[in-house]
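Numbering (UniProt numbering), first residue to last: 1 to 151. By construction, the Cβ of each residue, glycine as well, lies at the ideal position given by its N, Cα and C atoms.
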Amino acid sequence: MAAQIVVDVRSVDDADARVCLASYIAELRQRFPGGFDTNVSPTDLTPPHGQLFVAYVDAVARGIVGVRFLDAGTAEIKRMWVDPTARGLGLARRLLGVAEDFIATSGRTAVVLDTHASLVEAIALYRSCGYAETTPYNDNPYAELWFRKTL
């Protein structure tokens with residue numbers, strides 16, 4: 001039987017969101033040569049500044065993505081992560097689609113994101129979903145690539 005996948009809005013204080021965010025941070029600390037430290041305030045991912053989404057596979061939280069509004073026309077994808085046990089199910093693509101739909105509904109027409117070169121799976125996903133490399137739009141010390149997509 002196919003896994004049941006549901007994506008829901010969650011608060012940054014939600015227990016499932018906290019577990020996913022902690023797992024995201026732990027994985028990046030392992031994958032980045034110099035470690036990782038967060039640089040986005042949790043309030044940036046809450047209304048009216050943005051939104052946080054948690055993906056569930058068979059009722060278990062297995063992924064997360066945040067949206068942060070930068071200005072009236074642009075939003076940023078943040079904290080995109082899928083549990084290693086749920087990779088290959090299309091969960092990241094689903095999360096990205098939900099985030100893009102939310103951004104479009106807000107009236108914004110541009111999406112940006114940054115990523116680290118070691119996250120090759122994420123880079124492949126972004127490119128396959130129509131994101132193109134762009135010039136840096138922030139000073140994130142962990143970012144090595146910046147992407148942009150027009151909705």
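Supposed contact pair residue j and residue i - C-beta distance, whole angstroms, cut 8 Å
i	j	result
Met80	Leu70	Actually they do not touch by this definition, with Cβ atoms about 16 Å apart.
Ile5	Ala55	7 Å
Thr46	Leu52	7 Å
Ile64	Tyr126	16 Å between Cβ atoms; not a contact.
Val57	Ala3	5 Å
Through-space distance from residue j to residue i, alpha-carbon basis
i	j	result
Ser128	Ala15	32 Å
Ser118	Ala132	17 Å
Ala92	Pro141	24 Å
Val67	Met1	32 Å
Ala17	Ala124	25 Å
Gly90	Asp101	17 Å
Arg108	Trp146	18 Å
Pro33	Tyr137	23 Å
Gln30	Thr105	35 Å
Gly130	Leu21	26 Å
Val9	Pro48	13 Å
Check whether residue i and residue j have beta carbons under 8 Å apart
i	j	result
Ala61	Val19	yes
Glu76	Val112	yes
Thr135	Ala110	no
Val12	Val98	no
Buried or exposed by the 16-neighbour rule on C-beta atoms within 10 Å, applied to residue i
i	result
Glu121	exposed
Asp114	buried
Gly73	exposed
Gly50	buried
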